[in-house]
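Protein chains in written order, with numbering that gives the first Met the number 0: chain A, 0 to 358; chain B, 0 to 173. No residue lacks a Cβ here, since even glycine has one placed at the ideal position from N, Cα and C. This report refers to the structure that appears directly beneath it.
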Amino acid sequence: MSKILMKGNEAFGEAAIRAGVKCYFGYPITPQNEVPEYMSHELPKAGGAFLQAESELAAVNMAFGAAASGGRVFISTSSPGLALMQEGLGFICSTEVPLVALNVSRGGPGVGGIQPGQADYLQVTRGGYNGDAKIPVFAPAGIQECVDLIYECFDIAEKYRNPVMILADAMMGQMMEPVELPPKKEITPVADIPRVKPWAITGTGQHEGRNVIYSLRMQPDVLEAHVEKMFEKYARAEKELVRYNTVGLEDAEVVFVAFGTMSRLCAETMELMAERGVKAGLIRPISLWPFPEKAFDEIGPKTKLVISTELSMGQMLSDVKVAARNRWPVKLIHRTGGIVPSSIEIADRAMKLLEEVKA
Amino acid sequence: MLKKLFFAGSGGQGALAIGQLIAKASMEEGNEVTYLPSYGPEMRGGTANATVVISDRPISCPLINECDVLVVMNLPSLTRFEPMVKPGGLLFMNSSLIPEKASRGDIRVIEVPANEEAQKLGIDRAANMVMLGAILKETGIVRFETVYNELEHMFSGRKAKFLEPNRKAVDLYL
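Structure (structure tokens):
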């Protein structure tokens, strides 16, 4: 299949359509506006339904309803919008309803700014919802990877009966790269939903008794048993969904840990450091939860320093420290607020940190 | 092969469109490309720029520290971005709107009176296409035929009447 040059946000929408999405709900927010815009004219053509809600709160709850009745549902937003959706996501986890959410993140906190940020790391990996729940999160580094992940994540969401999150950022949403689009999957016909999703609220026509989707469990023992059942699948997710890439760990003196846009900057930083005589390696978490701790076991004997490299004040740092298990000193290189550092700046700061560690 | 290009102008001048056309054409010729536009609340009249990276290998980073080719459509863009050009690199400047000379002595400067040439052709808005023609001629970064195919896609249907004038504008420097 031939490649086409597509803007990230439009490619993300097309990936969802090709995954057989039936419904999209959203509310405009920069820098992901091209997602709802694209869905508004392309999803109806593909046989699906687009609806612009009156707020992110409404969008996530409409998505909840449509997904509970068995439709493939996609939602997208950007950082402050995701904060508004958190309550709904907690309910969706609690009721074990699958859907895919895309966060094209920007600077924060609050309304923040519209330039790229990664300060949603804690929001997406820990959640802003109450209670014991987890949402698998995947962080692509480019448009093709994001397209492939969105396409696949609907199957993951349905397998685990849980929301799945994709964390992209403003740069990925706005830029263009060549993409190879996956084949179009058919939207599951309504008549087939009771067979494909026997738990879905489809009425009593095709099965005995009612399906009920509910979050309220007043009996503590009933609630505890339900949460423990959810955590059995989260334990499976921790085994099955770990994904990462590594570059040059075996003989690296410095190892960067970076995801998304920051990992691409690190790739160039590594070349700059090689010119200065320092071999650097990279761990790129693709799954942020479950965090790829085992990637750190691939680090070779020459490593003197691990650097969490982030577009936030260091939200991933604690996960990196846990994974490092005191085997190496762990430092942080970061910018925030929508500023993306140059590879030269990262290289300069990494060289300085390395000197400090050696001293 | 790794080429880094940077396009800048005021919103509406079509600097981004030049970058996008080159990126698309280069992809059609089998290269890896990235196209990264600046974005913000500004629209027409605000500042606009785009970074294009072209390579025969996968591109690690779409952001650049310096460029091989800089294209500036107005004076503020020249002032701001001239230092980005690598020594020995190329600077294309729209001399219709930039009365000043470039300050660097270690780069090759190509002055293109893009607006005047477009006006002479009777299509004021195609100044960016005149500039594109000059870039194609000087750099050979993509073939004219590939760009022309892209123009055909761009100017189809109701916009088909603009194809020929734009082709003429691109053709001017070739």
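Cα separation between A/V254 and A/C265? Near 10 Å, if we compare the C-alpha coordinates of A/C265 and A/V254.
So, A/T412 versus A/G280, is the Cβ gap smaller than 8 Å? Outside the displayed range of chain A (0 to 358) lies residue 412 of chain A, so it cannot be described from this structure.
Quick check on A/L4 - is its C-beta less than 8 Å from some C-beta in chain B? Yes, A/L4 counts as interfacial toward chain B.
Strand pairing of A/Y233, partner residues [DSSP]: In the DSSP output, where bridge partners are listed per residue, A/Y233 has none listed.
Quick one: what does DSSP say A/N8 is sitting in, helix, strand or coil? The DSSP-derived three-state label of A/N8 is helix.
In the DSSP assignment, the alpha helix (DSSP H) including A/Q143 goes from what residue to what residue? Element bounds for A/Q143: 142–159.
Interface residues of chain A facing B/T33 [CB-CB closer than 8 Å]: M174, M175, E176, listed in chain order.
For A/L240, tell me which candidate among A/R348, A/A156, A/E223 has the shortest Cα-Cα distance. Comparing alpha-carbon positions, the option among A/R348, A/A156, A/E223 lying closest to A/L240 turns out to be A/A156.
Segment limits, beta strand (DSSP E) that includes B/K3: DSSP places B/K3 in the uninterrupted beta strand (DSSP E) bounded by 1–9.
B/S54 in three-state terms, based on DSSP: Residue state, collapsed to three classes: strand.
Please decide whether A/P30 counts as near chain B, where near means a Cβ-Cβ distance under 8 Å. Yes, A/P30 lies at the interface with chain B (some Cβ there is under 8 Å from its Cβ).
Can you give me, in chain order, the residues of the stretch 49–83 of chain B that have a beta carbon less than 7 Å from any beta carbon in chain A? Those would be S59, C60, P61, L62, N64, in chain order.
By DSSP's criteria, B/Q19 is part of a beta bridge. Which residues make up the other side? According to DSSP, B/Q19 bridges with nothing at all.
Can you tell me the Cα-Cα spacing of A/F230 and A/R209, whole angstroms? In this structure, the straight-line span from the alpha carbon of A/F230 to that of A/R209 is close to 26 Å.
What residue does the alpha helix (DSSP H) around A/Y37 start on, and which one ends it? It spans 33–41 - the alpha helix (DSSP H) in which A/Y37 sits, taken as one unbroken run.
Leaving aside the five residues before and after B/E116 along the sequence, list all residues of the same chain whose C-beta is less than 7 Å from its C-beta, in chain order. V129, L171, listed in sequence order.
DSSP on A/S262, reduced to helix/strand/coil? Note: A/S262 maps to helix in three-state DSSP.
As a quick exercise: from A/K278, A/R125, A/E270, A/M269, pick the residue whose alpha carbon is nearest that of A/E252. For A/E252, the closest C-alpha among the options A/K278, A/R125, A/E270, A/M269 is that of A/K278.
Label B/P98 either buried or exposed according to how many other C-beta atoms from any shown protein chain fall within 10 Å of its C-beta, with 16 as the threshold for buried. Of the residues assessed, B/P98 falls on the exposed side of the cut-off, its CB having fewer than 16 other CB atoms within 10 angstroms.
A/L148 vs A/P139 beta-carbon contact at 8 Å: A/L148 is a Cβ neighbour of A/P139, given a cutoff of 8 Å.
Taking a Cβ distance cut-off of 7 Å, strictly less, list which residues of the stretch 260–277 of chain A are near chain B, in chain order. Residues of the stretch 260–277 of chain A that bring their beta carbon within less than 7 Å of a beta carbon in chain B comprise R263, L264, A266, E267, in sequence order.
List the DSSP bridge partners of A/W288. Note: A/W288 sits in a beta bridge opposite A/V136.
Minimum C-alpha distance to A/L42 - residue among A/A57, A/A349, A/S54, A/I16: Answer by Cα proximity: A/I16.
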